[in-house]
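Participant: Here the numbering used here is used: the first residue of the sequence shown is 155, the next is one more, and so on. Glycine included, each C-beta is placed from N, C-alpha and C at the ideal position.
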Amino acid sequence: MALKYGMPSFRNRDGSYKPINFFGKEITFPKNWRPNPATQSQYWMVEGTLRSGSQDLEKWLKNPTPENWKKLGLNKSQFARNLRAYLLDQPVDPRKGTGLDAASKELFDQIEIKKYLKADEIKKINELTT
């Protein structure tokens, strides 16, 4: 990322956000994507969460066991919980810390996250029991 005045540039010249690497593929944000004001999420937060979450998931998929899920800390990961709930088509859960939260559903819908995962990867994540 180019640094301008000591801050990383997250936007392209046309104002769109730079793509994020997720499972070896680039996620391109919709041109009209904006951070969710209700959750005060920022691009750099989303980018960091997707990057670290995908790295942990890639490690887990090499050895997809409940024990490895816990070993990698995915059982405590908000990203993993939200992704799993989203892939299972669970409804948004308004209770904090349980199920799918509204901001994650909105983001996953906007970036069409399912298209970045293979069917067998989705199946392994969905079949996990911890």
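For Q232, tell me which candidate among Y171, F183, I276 and M199 has the shortest Cα-Cα distance.
Facilitator: Checking every option, the nearest Cα to that of Q232 belongs to M199.
Participant: Please state the DSSP three-state secondary structure of N175.
Facilitator: Three-state DSSP puts N175 in a strand.
Participant: Indicate whether L254 and N236 have their beta-carbon atoms separated by less than 7 angstroms.
Facilitator: Result yes, Cβ atoms of L254 and N236 sit closer than 7 angstroms.
Participant: Count the other CB atoms within 10 Å of the CB of S206; is the residue buried (16 or more) or exposed (fewer)?
Facilitator: Counting Cβ neighbours within 10 Å, S206 comes out exposed, since fewer than 16 surround it.
Participant: Can you name the residues that DSSP bridges to I181?
Facilitator: I174, per the DSSP bridge assignment.
Participant: Where DSSP assigns a beta bridge to L226, which residues make up the other side?
Facilitator: In DSSP, L226 forms no bridge with anything.
Participant: Need the endpoints of the alpha helix (DSSP H) that T252 sits in, please.
Facilitator: It is not in any alpha helix (DSSP H) - T252 carries neither H nor E in the DSSP assignment.
Participant: Closest by CA to Q264, which one among Y270, G202, N217 and P184?
Facilitator: Nearest C-alpha to Q264: P184.
Participant: Pick out whichever of D274, K272, K277 and I267 has its Cα sitting closest to the Cα of I181.
Facilitator: Measuring from the Cα of I181, the nearest candidate turns out to be I267.
Participant: If we ignore side chains and look at the alpha-carbon of each, how far apart do V246 and A273 end up?
Facilitator: Between V246 and A273, the C-alpha separation is close to 23 angstroms.
Participant: Pick from A257, K269, E275 and I276: whose alpha carbon is nearest that of W187?
Facilitator: For the residues A257, K269, E275 and I276, the minimum Cα distance to W187 belongs to A257.
Participant: Taking the alpha carbon of L282 as the point to measure from, which residue in T219, T252 and E201 has its own alpha carbon closest?
Facilitator: Nearest C-alpha to L282: T219.
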